[in-house]
Amino acid sequence: MSRDDQNRNHLGQRMMLRYSASTRVNHWTMALSFILLALSGLAFFHPAFFFLTHTLGGPVWARILHPFIGVAFFLLFALMAVSHVGNNLPIKNDVRWMKQIKDVLANRDEKVAPIGKYNPGQKLVFWLLVLCVPTLLITGVLMWRPWFAGYFPVTIVRIASLLHALAAFGAILTIVIHIYAAIWVKGSFGAMIRGFVTHAWAKHHHPLWYDDHVKRERSRPSTDAPTRRDDPVA
Numbered sequence: 111m112s113r114d115d116q117n118r119n120h121l122g123q124r125m126m127l128r129y130s131a132s133t134r135v136n137h138w139t140m141a142l143s144f145i146l147l148a149l150s151g152l153a154f155f156h157p158a159f160f161f162l163t164h165t166l167g168g169p170v171w172a173r174i175l176h177p178f179i180g181v182a183f184f185l186l187f188a189l190m191a192v193s194h195v196g197n198n199l200p201i202k203n204d205v206r207w208m209k210q211i212k213d214v215l216a217n218r219d220e221k222v223a224p225i226g227k228y229n230p231g232q233k234l235v236f237w238l239l240v241l242c243v244p245t246l247l248i249t250g251v252l253m254w255r256p257w258f259a260g261y262f263p264v265t266i267v268r269i270a271s272l273l274h275a276l277a278a279f280g281a282i283l284t285i286v287i288h289i290y291a292a293i294w295v296k297g298s299f300g301a302m303i304r305g306f307v308t309h310a311w312a313k314h315h316h317p318l319w320y321d322d323h324v325k326r327e328r329s330r331p332s333t334d335a336p337t338r339r340d341d342p343v344a
């Protein structure tokens, strides 16, 4: 009997692991950190948002904690990026998928090119954050008072401040799109909470990843022939 036959939900549908426990803990810790960084960052960006400093305990604590949370966020992101970069590399079908974006948006999945664990939209989010997050770290260090800013000319610090704001805007916009897409594709949000998806969901949304998973499961020693059946997409 395969592991997938042992992993079934309350409806009897076969389940497969999409995100490990460590990946999920990392993801939600990053999410909380990003929210705190975005809110406190907006507070520093414009006086109209200054009240948001209270998310970190007030103006003084916000200025102290913001950069430290930023460093923690970068380390968590770096760990995630290194772990998942392989699944975010472009493949030939990504180009076909992008050309069929109208079918994707219209949920005409039968016309869309099969994809791996992540679709081109998810890969774009990944690489945009790979660009934005290190930029935020570098520029943040250049602006970090009283530790580092004093070692650089005022002009450099001002340029860093501008680039930091642009990278922050790009990261926030990217995350908003990421959240919308996770809600739009039913099952994506739940996968990051529970870790598992049904075989039918994986086959429907990420067929190449599903096929690879099935091949690996079949190559494992088993005491029973797995029972195959079509589960409804969930």
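No gaps in the numbering here: position 54 of the sequence shown is 164 in my numbering, and each next residue is one more.
Ideal placement from N, C-alpha and C gives every residue a C-beta, glycine not left out.
Taking the CB atoms as reference points, tell me whether THR249 and ALA270 lie closer together than 8 Å. With contacts defined by Cβ atoms closer than 8 Å, THR249 and ALA270 form a contacting pair.
Give the C-beta separation of GLY180 and LEU246 to the nearest angstrom, bearing in mind that I take them to be a contact with Cβ-Cβ under 8 Å. About 7 Å; that satisfies the 8 Å criterion.
Inside the segment 290-320 only - alpha helix (DSSP H) runs reaching at least 4 residues: Qualifying alpha helix (DSSP H) stretches, in chain order: 298-304 and 309-315.
Where do the ends of the beta strand (DSSP E) carrying LEU127 lie? Here the beta strand (DSSP E) through LEU127 covers 125-127.
Is the separation between the beta-carbon of GLY280 and that of LEU238 shorter than 8 Å? yes
Using 8 Å as the threshold, is the segment 189-207 in touch with the segment 258-269, meaning 3 or more CB pairs across them? Touching, no.
Skipping 5 residues on each side, what residues in its chain have a beta carbon closer than 6 Å to that of ALA277? CYS242, THR245 and LEU246
Using 8 Å as the threshold, is the C-beta distance between MET190 and VAL307 below it? no
Within 8 Å, do at least three Cβ pairs link the segment 123-143 to the segment 309-322? yes
Neighbour-count burial assignment, ALA172, 16 or more Cβ in a 10 Å radius: buried
Using the C-alpha atoms, what's the distance from ALA141 back to ALA292? 13 Å
Verify whether the separation of the beta carbon atoms of PHE262 and LEU272 is less than 8 Å. no
Is it buried or exposed, ALA335, if we count other Cβ atoms within 10 angstroms and call 16 or more buried? With a pLDDT of 46 at ALA335, under the threshold of 50, the predicted position of this residue should be treated as unreliable, though the coordinate-derived value follows. Per the 10 Å Cβ criterion, exposed.
Whole angstroms are fine: how far does the CA of ALA188 sit from the CA of GLN123? 35 Å
Once the 5 residues before and after ALA223 are set aside, which same chain residues still bring their CB inside 7 Å of it? ASN203, ARG206, TRP207 and GLN210
Simplified DSSP assignment, three categories, for GLY167: Correct three-state label for GLY167: coil.
Classify TYR228 as helix, strand or coil using the three-state DSSP reduction. coil
Quick check: the Cα distance between PHE299 and SER329, rounded to an integer number of angstroms? 30 Å
Ordered along the chain, which non-local residues of its own chain (more than five positions away) have a Cβ less than 7 Å from that of HIS274? LEU246, THR249, GLY250 and MET253
Answer with buried or exposed for HIS176, where buried requires no fewer than 16 other C-beta atoms within 10 angstroms of its C-beta. buried
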